[in-house]
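Before any comments, here is the structure.
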Amino acid sequence: MSTTAQLDDVYSRLLSDPGVVLLLGEIDTGKTTFAAELVQRATAAGITAGLVDADIGQSVVGPPTTVGLKLCNGMQDFTRVTLRDADALSFVGSISPRGYMLALVTGVAKLTAAAKEAGCALVVIDTTGFVSGIAGQTLKFFKMDLVRPNYVVAFERGGELELVVGIAERFSPAQIIEVSVAPEVVTRSVDERASFREEQFAAYFGEALSRWRVKPTVFMPTPPPDFDLRLLDSLVVGMEDGKGMCSGIGVLEYDEGADILRMISPITEGVRGLRLGSIRIDTVGRFKGPVDLRRLFRSE
Ligand SMILES: Nc1ncnc2c1ncn2[C@@H]1O[C@H](COP(=O)(O)OP(=O)(O)OP(=O)(O)O)[C@@H](O)[C@H]1O
Ligand SMILES: [Mg+2]
Numbered sequence: 027m028s029t030t031a032q033l034d035d036v037y038s039r040l041l042s043d044p045g046v047v048l049l050l051g052e053i054d055t056g057k058t059t060f061a062a063e064l065v066q067r068a069t070a071a072g073i074t075a076g077l078v079d080a081d082i083g084q085s086v087v088g089p090p091t092t093v094g095l096k097l098c099n100g101m102q103d104f105t106r107v108t109l110r111d112a113d114a115l116s117f118v119g120s121i122s123p124r125g126y127m128l129a130l131v132t133g134v135a136k137l138t139a140a141a142k143e144a145g146c147a148l149v150v151i152d153t154t155g156f157v158s159g160i161a162g163q164t165l166k167f168f169k170m171d172l173v174r175p176n177y178v179v180a181f182e183r184g185g186e187l188e189l190v191v192g193i194a195e196r197f198s199p200a201q202i203i204e205v206s207v208a209p210e211v212v213t214r215s216v217d218e219r220a221s222f223r224e225e226q227f228a229a230y231f232g233e234a235l236s237r238w239r240v241k242p243t244v245f246m247p248t249p250p251p252d253f254d255l256r257l258l259d260s261l262v263v264g265m266e267d268g269k270g271m272c273s274g275i276g277v278l279e280y281d282e283g284a285d286i287l288r289m290i291s292p293i294t295e296g297v298r299g300l301r302l303g304s305i306r307i308d309t310v311g312r313f314k315g316p317v318d319l320r321r322l323f324r325s326e
């Protein structure tokens with residue numbers, strides 16, 4: 027059977043009995059293309075669909091550092107541009123899962139629940155290519171444990187998903203559908219990935235930006251007393267609405283003269299608290315390096 031025919035069969039099967047579909051595969055295996063095609067076909071068939079984008083580095087829905095939910099009802103075109111504006115976000119603060127699994131897993135669970143509450147019969151969860159090693163296996167285990175997918179679609183080249191598919195088989199009731207990666211699927215270099223991420227950040231911050239003073243008492247985690255605020259310059263922060271949802275992201279800016287921090291963001295409303303992230307960027311999306319808050323705060 028050709029790969030295309032195989033994919034067509036998978037789409038038909040998932041649309042005939044929609045549920046929560048978790049995609050698994052290494053980087054560059056066609057997960058995002060499949061996810062967009064599946065929600066497009068569902069929407070065209072009158073099935074209410076939601077896309078949960080758990081890829082925090084190569085985000086398609088919402089800016090990088092977040093898990094994003096797109097509700098697809100009423101959408102006609104499914105492109106990187108039309109999918110960018112999220113209906114709900116959950117902040118992770120990092121561009122890779124390592125060290126940030128708790129925020130990633132809870133974010134995916136939260137947005138999957140939000141999609142179901144919004145009436146989605148089909149919820150497609152697109153993921154990072156982080157599938158190997160203890161960390162990759164553990165991440166996927168806990169995602170499945172919390173989200174309880176009805177289907178796991180595994181995109182394989184060789185035997186690289188054997189362990190994680192084994193975990194899905196033993197520890198989750200999901201039906202597992204294995205797909206071989208089409209030879210036409212093209213790989214992207216580290217530089218191409220970095221530029222895509224930069225473009226996604228830049229598109230987010232490209233809208234009219236506001237700046238306002240923020241006090242460190244609204245931060246989570248809370249900086250220690252007498253903390254040098256300049257150390258938080260350029261940090262990505264998640265803006266929380268106080269009801270368990272993220273309204274958007276921003277970047278902190280240290281004002282040397284006034285010794286204060288300002289928030290730069292296109293979002294100005296619905297912000298009760300700020301979650302500190304773990305990377306520095308500028309507002310045209312350029313990466314300025316990682317931040318380890320534990321070291322910065324000299325804390326556990
Ligand atoms: N079935 C297919 N036939 C031909 N080309 C494809 C197919 N699926 C994906 N591609 C192409 O391969 C590239 C990688 O696909 P995609 O971004 O969907 O992979 P991914 O697994 O989501 O990768 P990432 O790890 O970057 O998230 C894209 O340029 C896409 O257009
Ligand atoms: Mg992808």
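Per my numbering, the sequence shown starts with residue 27, numbered consecutively. The C-beta atom is built at its ideal place from N, Cα and C for all residues, glycine as well. Remember, predicted model here, so these are calculated numbers, not experimental data.
From the options, residue whose alpha carbon lies closest to that of residue i
| i | options | result |
| --- | --- | --- |
| residue 49 | 275, 320, 202 and 301 | 202 |
| residue 254 | 285, 296 and 52 | 285 |
| residue 114 | 303, 275 and 313 | 275 |
| residue 97 | 159, 233 and 111 | 111 |
| residue 73 | 61, 42 and 87 | 42 |
| residue 310 | 33, 160, 108 and 277 | 277 |
| residue 273 | 240, 264 and 281 | 264 |
| residue 136 | 108, 77 and 251 | 77 |
| residue 134 | 169, 176, 104 and 321 | 169 |
| residue 209 | 66, 306 and 182 | 182 |
| residue 298 | 60, 240, 233 and 67 | 240 |
| residue 157 | 132, 174, 176 and 188 | 188 |
| residue 177 | 306, 200 and 235 | 200 |
| residue 195 | 32, 217, 67 and 163 | 163 |
| residue 34 | 64, 185, 47 and 45 | 64 |
| residue 235 | 293, 153, 159 and 185 | 293 |
Nearest-angstrom Cα separation, counted from residue j out to residue i
| i | j | result |
| --- | --- | --- |
| residue 149 | residue 116 | 16 Å |
| residue 316 | residue 304 | 6 Å |
| residue 300 | residue 227 | 18 Å |
| residue 151 | residue 260 | 30 Å |
| residue 171 | residue 197 | 8 Å |
| residue 22 | residue 70 | Coverage of the chain is limited to positions 27 through 326, which leaves residue 22 absent and any answer about it impossible. |
| residue 75 | residue 257 | 42 Å |
| residue 104 | residue 51 | 21 Å |
| residue 279 | residue 245 | 14 Å |
| residue 295 | residue 140 | 21 Å |
| residue 237 | residue 125 | 30 Å |
| residue 262 | residue 291 | 10 Å |
| residue 138 | residue 173 | 7 Å |
| residue 106 | residue 59 | 10 Å |
| residue 232 | residue 109 | 16 Å |
| residue 39 | residue 32 | 11 Å |
| residue 308 | residue 289 | 12 Å |
| residue 314 | residue 217 | 15 Å |
| residue 46 | residue 91 | 23 Å |
Residues near residue i in its chain [Cβ-Cβ closer than 6 Å; skip 5 each side]
| i | result |
| --- | --- |
| residue 130 | 118 and 123 |
| residue 230 | 89 |
| residue 155 | 52 and 53 |
Residues of its chain near residue i, where Cβ-Cβ distance is below 7 Å and the 5 sequence neighbours each way are ignored
| i | result |
| --- | --- |
| residue 214 | 54 |
| residue 36 | 179, 203 and 205 |
| residue 94 | 79, 85, 87, 88, 112 and 115 |
| residue 128 | none |
| residue 312 | 224 |
| residue 56 | 181, 207, 208 and 211 |
Own chain residues within Cβ distance below 8 Å of residue i, not counting five before or after
| i | result |
| --- | --- |
| residue 323 | 247, 249, 250 and 253 |
| residue 318 | 304 |
| residue 67 | 37 and 41 |
| residue 161 | 123, 124 and 127 |
| residue 193 | 163, 166, 167 and 170 |
| residue 282 | 256 |
| residue 320 | 326 |
Short CB-CB distance (under 8 Å) between residue i and chain C
| i | result |
| --- | --- |
| residue 127 | No chain C is part of this structure, which consists of one protein chain only. |
Should the stretch 77-85 be called in touch with the stretch 113-133, which here means at least 3 C-beta pairs below 8 Å?
As far as the Cβ criterion goes, the stretch 77-85 touches the stretch 113-133, which means the pair count is three or higher.
*asked:* With a threshold of 8 Å, are at least 3 pairs of Cβ atoms found where one atom belongs to the stretch 213-224 and the other to the stretch 263-274?
replied: No: the two stretches stay apart, fewer than three of their Cβ pairs being nearer than 8 Å.
With three or more C-beta pairs closer than 8 Å as the rule, is the stretch 134-149 touching the stretch 95-109? Put simply, the stretch 95-109 touches the stretch 134-149. At least three CB pairs are less than 8 Å apart.
Threshold first: 3 residues or longer. Then list the beta strand (DSSP E) segments lying entirely within the stretch 39-103, N to C. List check, beta strand (DSSP E) in window: 46-51, 75-79 and 92-97.
Please give me, in chain order, every unbroken run of the alpha helix (DSSP H) with length at least 4 that falls completely inside the stretch 120-182.
Here the runs fully enclosed are 127-143 and 159-173.
Length-filtered (3 minimum) beta strand (DSSP E) runs lying within the stretch 211-285 | Segments of the beta strand (DSSP E) lying fully in the stretch 211-285: 236-240, 261-266 and 272-281.
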